[in-house]
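Residue numbers (my numbering): 6 to 116. Data block below; observations after.
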């Protein structure tokens, strides 16, 4: 919802968008989105717990989408767009070495 609110108020990835989204994520204490420590393997137990909860929620949403795919195609598109925007936001805050580590860990080649 924070991503959608930011996108509704400001041009995507503008300075105001980034500040607003950062503030919203900090307000809900969503550390995995605003901390680059996860990429360096220095995540705290609370960040690891948030990652697990995030993965579980994605899994449940995917199951729901699979069961009702035709009925909620627009919802699926909305969800995917929010995830892409959040990923983009997180990458913009990462250091270059963290991005290289992420790409390497996921077997992604980028020249």
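The beta-carbon is built from N, C-alpha and C at its ideal position, and this holds for glycine as well.
- Straight-line measurement puts the Cα of residue 34 at about 21 Å from the Cα of residue 18.
- Judged by their CB atoms, residue 80 and residue 8 are not nearer to each other than the 8 Å cut-off.
- Counted as a single uninterrupted DSSP element, the alpha helix (DSSP H) harbouring residue 96 occupies residues 78-98.
- In the three-state reduction of the DSSP assignment, residue 54 falls in the helix class, which pools H, G and I.
- Ranked by how close their Cα comes to the Cα of residue 93, the residues 112, 23, 13 have 23 in first place.
- Note that the C-beta distance between residue 108 and residue 98 is not below 8 Å.
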